[in-house]
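Enquirer: Chains as they are written, first to last, in the working numbering: chain A, 12 to 143; chain B, 12 to 143.
In this text, a Cβ means the ideal position worked out from N, Cα and C, and glycines have one as well.
These figures come from a predicted structure and were not determined experimentally.
Below you will find the structure I want to go over with you.
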DNA sequence: CTGTATCCTTAGGGATACTG
DNA sequence: CAGTATCCCTAAGGATACAG
């Protein structure tokens, strides 16, 4: 994202400019689908983000209101949790087109067959954990 | 995307690394929701992409199989069209959180109330146009 | 353990002139 | 109209040492 000013008021552009870098979605994924919650946890993720980059992304995600920082670690905000449907769609899409995908077949099946239920269930669980 | 090798087989990562740059989704948006189909059309979009960048993104999107190039202009592939649900979710999310969003209220209302219907309708229309 | 601070590199992007 | 070709530049990312 070279240009810092908003390129347009298009909603797709808003999304791209808000979390369309190469690490934000990875961190949100961790907060949604894994038990990683702390700085050290995120560093342990398979993708091997650099320490300074992680710090920068965490700060950015706080600035745009997608996460907060508590004593227990980082937490999703409602705004961040509201990206769950979109991210599930991305997972479903990748599951369909990436032959090497690590997404469990059972999970992909569930997304395809019961997307709404999965969203409801996951939202409930995460809302409880994050106190939303 | 500094690292060119795949960072992991996580489906979220696959999506990020496939179209997670700052222009791919803008082009896909044009092919889904506007009548822009040609190089010149894309250049005319509000976001003002540079000519060389556009050419590079169009080539990339062809390489990853999201679009094709016909005499009539660029077209979505099935793989590209399959990103419609995710993009609609992003639009819905931006509509909710971006005060300045240019997304028409009527469209946002439709997405919220009848997402499945909207997807079906749009998919049908675009499938016909693109011959999928 | 949770970050900062540095230093460095490069891909991505921006501007613009040009070509078939 | 549909791109190429250049040149340039900076933000994003990577590596690693250090600090509280």
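Residue 51(A): which of 30(A), 66(A) and 131(A) sits nearest, CA to CA?
Expert: The residue with the shortest Cα to Cα distance from residue 51(A) is 66(A).
Enquirer: By how many angstroms is the C-alpha of residue 96(A) removed from the C-alpha of residue 74(A)?
Expert: Whole-angstrom Cα-Cα distance: 22 Å.
Enquirer: List in chain order: all unbroken alpha helix (DSSP H) runs of 4+ residues lying wholly within the region 92 to 127 of chain A.
Expert: List check, alpha helix (DSSP H) in window: 95 to 108 and 116 to 124.
Enquirer: So, using beta-carbon positions, are residue 39(A) and residue 98(A) closer together than 8 Å?
Expert: Yes.
Enquirer: Which one of 22(B), 29(B) and 24(B) has the shortest CA to CA distance from residue 77(B)?
Expert: Cα-wise, what sits closest to residue 77(B) is 29(B).
Enquirer: Just to make sure I have the definition right: I need the residues of chain A whose C-beta is within less than 7 Å of the C-beta of residue 96(B). Which are they?
Expert: 100, listed in chain order.
Enquirer: Beta-carbon of residue 36(B) versus every beta-carbon of chain A: anything under 8 Å?
Expert: Yes, residue 36(B) counts as interfacial toward chain A.
Enquirer: Decide yes or no for the touch test of the region 97 to 116 of chain B against the region 19 to 37 of chain A: beta carbon pairs closer than 8 Å, at least 3 of them.
Expert: Yes, the region 97 to 116 of chain B is in contact with the region 19 to 37 of chain A.
Enquirer: Would you mind working out which of 35(B), 63(B), 92(B) and 126(B) sits nearest residue 142(B), comparing C-alpha positions?
Expert: Looking at the Cα atoms, 92(B) is the closest of the given residues.
Enquirer: Residues of chain B with CB closer than 8 Å to the CB of residue 106(A), please, in chain order.
Expert: The contacting residues are 22.
Enquirer: Looking at C-alpha atoms only, which residue of 33(A), 58(A) and 26(A) is the closest neighbour of residue 36(B)?
Expert: Answer by Cα proximity: 26(A).
Enquirer: Which residues in chain B sit within 7 Å of residue 112(A), going by Cβ to Cβ distance?
Expert: Within chain B, the residues near residue 112(A) are 20, 22 and 25.
Enquirer: With distances taken from CA atoms, which of 140(B), 31(B), 14(B) and 15(B) is nearest residue 86(B)?
Expert: Comparing Cα positions, the closest option is 140(B).
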